[in-house]
Amino acid sequence: MAAGKVPRDRLGREAVPSIAWAGIELGGQPMVKGRFLAASIAACGALLLAACGTSSNNGSSGPIKVGITGPFTGAYADPGTAIRNAGELAIADINAAGGINGRKLQGFSEDDACDAQQGTQAASKLLTQGIIAIVGGYCSGASIPESDILRRSGDLPFITAASSNPKFTDQGYDNVFRMVSRDDAEAPADVSFMQQWLKASKIAILHDNTTYAKGVADSAKSSATGAGMTVTYFDAITPGEKDYTAALVRIGSTHPDVLFYTGYYPEFGLLAKEYVSLAPAYKLNGDSADADPSVLKVAGAAITNPGITINTLPTTEFIHNAKNDAFTASYKAKYGGAPGDYSSYEYDGMMALAQALKDNGGKTDAKSLNTALHAVNIADGITGTIHFDNKGDRPAPEFLAVQAKGNPPAFAPIAIRQNGNWVAST
């Protein structure tokens, strides 16, 4: 992420709301100054409202308002909408069980479009609606600046369902919590899969310059060289283009054993189609952002090519327990389709917030609520045990490798990483 020198206060914290994020670029596209100014004004207005205590949510009656952010429009609308749906379903279940000391939760959602500037606007608008926390977020490039807005507005908690860039919890904030694994935990697992399972000694790494993808790519490059592998190619594509054949040909000229793509599923789906058409000597491997069910529609039958694999944390469709079965059934009944990859993490994130509120005696002030979140320990979440370390991270899960098979295509696990070694999935 590009970032200039940022003014800081006497405590060493960034001093000007939003301006620290002027350098963020998503997909290589710089922010527009006029739109950024509007975001800054909106953020300042939200901060003023928060500082003046205008939110009625800090009282002891009325609904407790919770925000949900994510990409509800644009290229990543499918996983973003699935996150929002899961958050709404969790709120309904919490309220049906009696709410928080008799008070209902009320959800408010704002589209961040996986964009840093729009993310600051979304967080700012939610603040004016009186939220006490945000549970959501998909792209790290939006969630990181959103977390900064919440920190500047009184340290309101932000529990992200899917944003995995390490910076989200490495900022030193007490109000950030992550439901999924970090990129610097996943990338070494990805590399070990390519080395152990795919028998690769030379890999090419392709990313898309987003905060998430570049972070995974950098970590994978470091892990690969540390493991004695050769990185033959390291470069980026521009998201949203219609043809990446030239990049695949260039990569082939460097003679890798595997091409590792660290970006999102729309581009991976197109890369898969073109990979099958070119039939290069190397294999194609993706990561968690490519295991979204929507990639099956983008790539079509090409995704079933045996040379294509994807590494992923245990996302919703690969979690097998009674709670996830019940959640999936409820989701399908309410929304008419299967939940997304990170829906279960959003649901569990909302449940973690509810548990913290209950443990906190229903108090919604940010300081005590953040303390309660750091103390949460839920043994039987859909996604496993839920507790956070001092930074706000959960322990890394055992990662999976999947392939798409059948007609119509569906993902099936082929391997799981256990104690650092990849073994066949049973």
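Residue numbers for the sequence shown follow my numbering, beginning at 1 and rising by one.
Virtual Cβ for every residue (Gly too), placed ideally from N, Cα, C.
These numbers come from a predicted model, not from an experiment.
Take the alpha-carbon of V295 and the one of P339: they are about 14 Å apart. When the beta-carbon positions are compared, I382 and I319 come within less than 8 Å of each other. Note that the C-beta distance between T69 and G130 is not below 8 Å. The way I'd put it, the region 372–382 does touch the region 311–330; three or more beta-carbon pairs between them come closer than 8 Å. Taking 8 Å as the upper bound for CB-CB distance, G286 and T210 are not in contact here, some 14 Å apart.
Every beta strand (DSSP E) of 3 residues or more that sits fully in the region 144–168 is shown, in chain order, as 158–160.
As computed with DSSP, D235 is found in a beta bridge with L206. In the three-state scheme derived from DSSP, where H, G and I count as helix and E and B as strand, Q418 is classed as strand. Per DSSP, reduced to three states, the secondary structure at F411 is strand.
A distance below 7 Å between beta-carbons, with the five flanking residues on each side excluded, links Q355 to the following residues of its chain, in chain order: V376, I378. For S201 and P256, the gap between their C-alpha atoms comes out near 8 Å. P266 sits buried, since 16 or more C-beta atoms from the chains shown fall within 10 Å of its C-beta. In this structure, Q171 is the residue among P166, N165, Q171 with its C-alpha nearest to the C-alpha of I149. Apart from sequence neighbours up to five positions away, the residues of its chain that approach G87 with a beta-carbon distance below 7 Å are I68, G107, V135, G136, E346, M350, ordered along the chain.
Contact check for A236 against D218 fails: the beta carbons are separated by 8 Å or more. In the three-state DSSP reduction, E88 falls in the helix class (H, G or I).
In this structure, F168 lies away from D111, with their beta-carbon atoms at least 8 Å apart.
For the 8 Å CB-CB criterion, G74 and C114 form a contact. Looking at the DSSP output, T69 bridges to E110. Within the DSSP bridge table, the entry for I132 names no partner.
In the displayed model, A372 falls within a helix according to three-state DSSP. About 6 Å separates the beta carbons of I205 and V231, which is inside the 8 Å limit, making them a contact pair. Listed in chain order, the non-local C-beta contacts of A82 below 6 Å within the same chain comprise P339, G340, S343, local neighbours out to five positions each way being set aside. Around the Cβ of K221, a 10 Å sphere holds 16 or more other Cβ atoms; the residue is buried.
Comparing alpha carbon positions, the residue from A92, Y76, D78, R394 closest to P63 is A92.
Apart from sequence neighbours up to five positions away, the residues of its chain that approach S181 with a beta-carbon distance below 7 Å are S164, L313, A396, P397, ordered along the chain. Within a 10 Å sphere around the beta-carbon of L89 sit 16 or more other beta-carbons, which makes this residue buried. Judged by DSSP secondary structure, A404 falls within the beta strand (DSSP E) whose first and last residues are 400–405. Scanning K199, L278, A224, A161 for the CA closest to the CA of D243 turns up L278.
E146 sits away from A162, with the two beta carbons spaced by 8 Å or more.
Under the three-state reduction of DSSP output, F260 falls in the strand class.
When only Cα atoms are considered, M179 and E241 end up about 31 Å apart. Scanning the region 255–323 from its first residue to its last, the whole alpha helix (DSSP H) runs of 4-plus residues come out as 265–278, 294–299.
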